[in-house]
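At position 53 of the sequence shown (counting the first as 1) the number is 53 in the UniProt record's numbering, and the numbers step up by one without a gap.
Let me begin by presenting the structure, written as structure tokens, before commenting on it.
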Amino acid sequence: MSILLTGASGFLGRRIYEVLAAAQPVTTLGRRPVGERHIGCDLAGTIPQLEPLRFDWVVHVAGKAHAVPRTAQERTEYERLNVQGTKNLLSALAQRPLPTAFVYISTVLVYGRSAGDGLDEQTPLAATDPYGLSKIRAEQAVLDWGARTGVCPAILRLPLVVAGQPQGNLAALTNAIRRGYYLRIGSGLARRSMVLADDVAAIIPRVAQTGGIYNLTDGYHPTVRELEDAIARQYGRRYMPTMPPAVARIIATVGDGINAVAGRVFPFDSVALAKLTSSLTFSDEQARQRLNWQPRPVLSFFV
1 MSILLTGASG FLGRRIYEVL AAAQPVTTLG RRPVGERHIG CDLAGTIPQL
51 EPLRFDWVVH VAGKAHAVPR TAQERTEYER LNVQGTKNLL SALAQRPLPT
101 AFVYISTVLV YGRSAGDGLD EQTPLAATDP YGLSKIRAEQ AVLDWGARTG
151 VCPAILRLPL VVAGQPQGNL AALTNAIRRG YYLRIGSGLA RRSMVLADDV
201 AAIIPRVAQT GGIYNLTDGY HPTVRELEDA IARQYGRRYM PTMPPAVARI
251 IATVGDGINA VAGRVFPFDS VALAKLTSSL TFSDEQARQR LNWQPRPVLS
301 FFV
């Protein structure tokens with residue numbers, strides 16, 4: 001069994017590499033080498049040369065995420081890195097003996113929802129932001145390629161991923177709590193879907209053999225308050241000051257005005273407010289039934 005893994009230098013890709021490489025040879029592909037087997041390539045601008053190597057599975061993690069685009073050029077970066085990069089990889093694979101499986105790491109942001117409860121894989125893909133749109137187009141490229149070639153495609157749609165090194169919104173939340181300037185908004189009872197990076201990595205071999213599209217969550221969907229408290233305990237902070245929702249809405253409105261003029265430079269706006277006060281959860285029942293998905297609660301990571 002031989003595996004090709006892109007995006008291994010990122011926090012999720014590195015964990016996937018560590019788990020897979022413990023059992024079989026893994027070759028990484030990207031701009032920065034990880035491990036002994038590596039193919040140097042900028043997927044966004046190049047179709048990689050993979051000959052004479054042959055891979056049984058391909059796991060595609062590489063792409064652009066987290067950064068909020070402020071200019072038209074930054075918005076096109078999502079298209080270039082996430083969509084064209086995926087197409088370049090698929091083109092390279094079509095020029096050689098085909099793998100048996102292609103696993104694409106996607107996001108629940110393809111649904112384009114800011115609130116909802118138990119959204120499953122049949123939820124319409126309604127993203128309108130550059131990142132969500134780019135992941136929809138990349139997913140479709142993978143599915144179309146699989147239909148043409150007969151390769152088994154698998155797509156994993158992930159919510160907030162929790163790992164040893166926080167990224168994106170979780171990193172911002174952790175830093176604010178650690179430094180003591182975080183304010184809880186209202187009751188903090190909104191629930192959000194999350195998943196552990198280790199559990200995502202562990203399910204890769206099974207989904208590669210099965211194929212399909214799956215939401216992956218921890219099945220518990222902790223409240224914002226539970227997550228805040230768990231992080232606070234790690235840094236010995238016992239008191240969490242609270243901001244009234246009405247005040248938060250005023251500040252968010254000010255943030256909207258600043259960001260409309262200067263790009264999203266103000267850290268707290270209506271988007272950030274919605275993430276902290278609106279429940280958004282996804283169903284992983286399909287993965288549980290077809291993959292025997294048995295994740296651990298995210299909150300166990302902070303114990």
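Glycine included, each C-beta is placed from N, C-alpha and C at the ideal position.
Handout entry: Spatial neighbours of I155 in its chain, beta-carbon cut-off 6 Å, leaving aside the 5 residues before and after
Key = Residue numbering aside, residue 155 sits at position 155 when the sequence shown is read from its first letter. The beta carbon of I155 sits closer than 6 Å to the beta carbons of Y104, S106, E139, I213 from its chain, once the five residues preceding and following it are set aside; these are given in chain order.
Exposed or buried, what is residue 348 when buried is set at 16 or more other beta-carbons lying within 10 Å of its beta-carbon?
-> In this structure the chain extends from 1 to 303, so residue 348 is not present and cannot be described.
Can you tell me whether DSSP reads V61 as helix, strand or coil? Here residue 61 refers to the residue found at position 61 of the sequence shown. Three-state DSSP puts V61 in coil, outside helix and strand.
CB of S193 within 8 Å of CB of F266, strictly: Along the sequence shown, read from residue 1 onward, the residue named residue 193 stands at position 193. Along the sequence shown, read from residue 1 onward, the residue named residue 266 stands at position 266. For the pair S193 and F266, the CB atoms are not nearer than the 8 Å cut-off.
Restricting to Cα atoms, I'd like to know which of Y182, L196, I136 is closest to Q165. By 1-based counting over the sequence shown, the position of residue 165 is 165. Taking only the C-alpha atoms, the option nearest Q165 is L196.
Exercise. Can the beta-carbon of D117 be found less than 8 Å from the beta-carbon of S270?
Worked result: For the purposes of this step, residue 117 is taken as the residue at position 117 of the sequence shown. For the purposes of this step, residue 270 is taken as the residue at position 270 of the sequence shown. In this structure, S270 does not lie closer than 8 Å to D117 by Cβ.
- Item | Buried/exposed call for N292, threshold 16 Cβ in 10 Å | Working through the sequence shown from its first residue, we reach residue 292 at position 292. When all chains shown are included, N292 counts as exposed.
#### Entry: DSSP state of Y214 mapped onto helix, strand, coil
Walking along the sequence shown from the start, residue 214 turns up at place 214. Here Y214 sits in strand by DSSP.
In this structure, how does DSSP classify T281 when only helix, strand and coil are distinguished?
Locating residue 281 in the sequence shown gives position 281, counting from the first residue. T281 falls in the strand class under three-state DSSP.
Could you tell me whether the Cβ atoms of R225 and G188 are closer together than 8 Å?
Mapped onto the sequence shown, residue 225 falls at position 225. Mapped onto the sequence shown, residue 188 falls at position 188. For R225 and G188, yes; Cβs fall inside 8 Å.
Have a look at T149, D198, A172, S134 and flag the residue whose alpha-carbon is nearest the alpha-carbon of A62.
-> Residue mapping note: residue 62 aligns to position 62 of the sequence shown, counting from 1. Of the listed residues, the one whose Cα sits closest to A62 is S134.
Query raised in the report: Could you give the distance in angstroms between the alpha-carbon of N259 and the alpha-carbon of L50?
Result: Position 259 of the sequence shown, counted from the start, is the residue given in the question as residue 259. Position 50 of the sequence shown, counted from the start, is the residue given in the question as residue 50. Going by the C-alpha atoms only, they are around 43 Å apart.
C-alpha distance - I177 paired with D56, whole-angstrom precision: Here residue 177 refers to the residue found at position 177 of the sequence shown. Here residue 56 refers to the residue found at position 56 of the sequence shown. Roughly 44 Å separates the two Cα atoms.
### Nonlocal neighbours in the same chain, by C-beta distance under 6 Å from P297, ignoring five residues either side
Along the sequence shown, one-based indexing puts residue 297 at 297. D218, Y220, listed in sequence order.
| said: I believe L143 touches A230 by the beta-carbon criterion, under 8 Å. Please report the beta-carbon distance rounded to the nearest angstrom. | reply: Counted from its first residue, the sequence shown places residue 143 at position 143. Counted from its first residue, the sequence shown places residue 230 at position 230. That pair is no contact at about 37 Å.
Please report the straight-line C-alpha distance between Q289 and P205, rounded to a whole angstrom. Numbered from 1 along the sequence shown, position 289 holds the residue referred to as residue 289. Numbered from 1 along the sequence shown, position 205 holds the residue referred to as residue 205. About 16 Å.
Buried/exposed call for L53, threshold 16 Cβ in 10 Å: Stepping through the sequence shown from its first residue, residue 53 is reached at position 53. Exposed.
Discussion item. On the DSSP letters alone, give me the boundaries of the beta strand (DSSP E) that S106 sits inside.
Written reply: To locate residue 106, count along the sequence shown from 1; it is residue 106. Run containing S106: 101 to 107, per the beta strand (DSSP E) assignment.
Can you tell me which residues form a DSSP beta bridge with H66?
Counting from 1 along the sequence shown, the entry for residue 66 is found at position 66. H66 pairs with nothing; no bridge assigned.
- Query: Among residues of its own chain, excluding the 5 on either side of T128, which ones have a beta-carbon nearer than 7 Å to its beta-carbon?
  - Reply: Start at 1 with the first residue of the sequence shown, and residue 128 comes out as number 128. The residues are G112.
Return the CA-CA distance between I39 and V161, expressed in angstroms with no decimal places.
Working through the sequence shown from its first residue, we reach residue 39 at position 39. Working through the sequence shown from its first residue, we reach residue 161 at position 161. Their backbone Cα atoms lie some 27 Å apart in a straight line.
Review point. For L276, is the beta carbon positioned less than 7 Å from some heavy atom of the ligand COA?
Key: The ligand COA is not part of the structure shown, which contains no ligands of any sort.
- CA-CA distance, I136 and M243? One-based indexing of the sequence shown puts residue 136 at position 136. One-based indexing of the sequence shown puts residue 243 at position 243. Distance between the alpha carbons of I136 and M243 is about 36 Å.
**Asked** Taking the C-alpha atoms as reference points, what is the distance between L90 and W145?
**Response** What you label residue 90 is simply residue 90 of the sequence shown in a count that begins at 1. What you label residue 145 is simply residue 145 of the sequence shown in a count that begins at 1. Between L90 and W145, the C-alpha separation is close to 7 Å.
- Task: Would you tell me roughly how many angstroms separate the C-alpha atoms of L12 and Q209, rounded to the nearest one?
- Result: Your numbering for residue 12 matches position 12 in the sequence shown. Your numbering for residue 209 matches position 209 in the sequence shown. Using only the alpha carbons, I get a separation of about 21 Å.
Q. When we look at the beta-carbon of E36 and count the other beta-carbons within 10 Å, is it buried (16 or more) or exposed?
A. Translated into positions along the sequence shown, residue 36 becomes position 36. With fewer than 16 other CB atoms across the displayed protein chains lying within 10 angstroms of its CB, E36 is exposed.
Per DSSP, C152 is paired with what?
-> Within the sequence shown, the letter at position 152 stands for residue 152. DSSP, once it has assigned bridges, lists A101 as partnering C152.
Practice problem: Give me the Cβ distance between A223 and R191, rounded to the nearest whole Å; I'm assuming they're in contact under 8 Å. | Solution: Here residue 223 refers to the residue found at position 223 when the sequence shown is read from its first residue. Here residue 191 refers to the residue found at position 191 when the sequence shown is read from its first residue. Contrary to the premise, residue 223 reads as Thr rather than Ala in this sequence. Correct: roughly 5 Å between the Cβ atoms.
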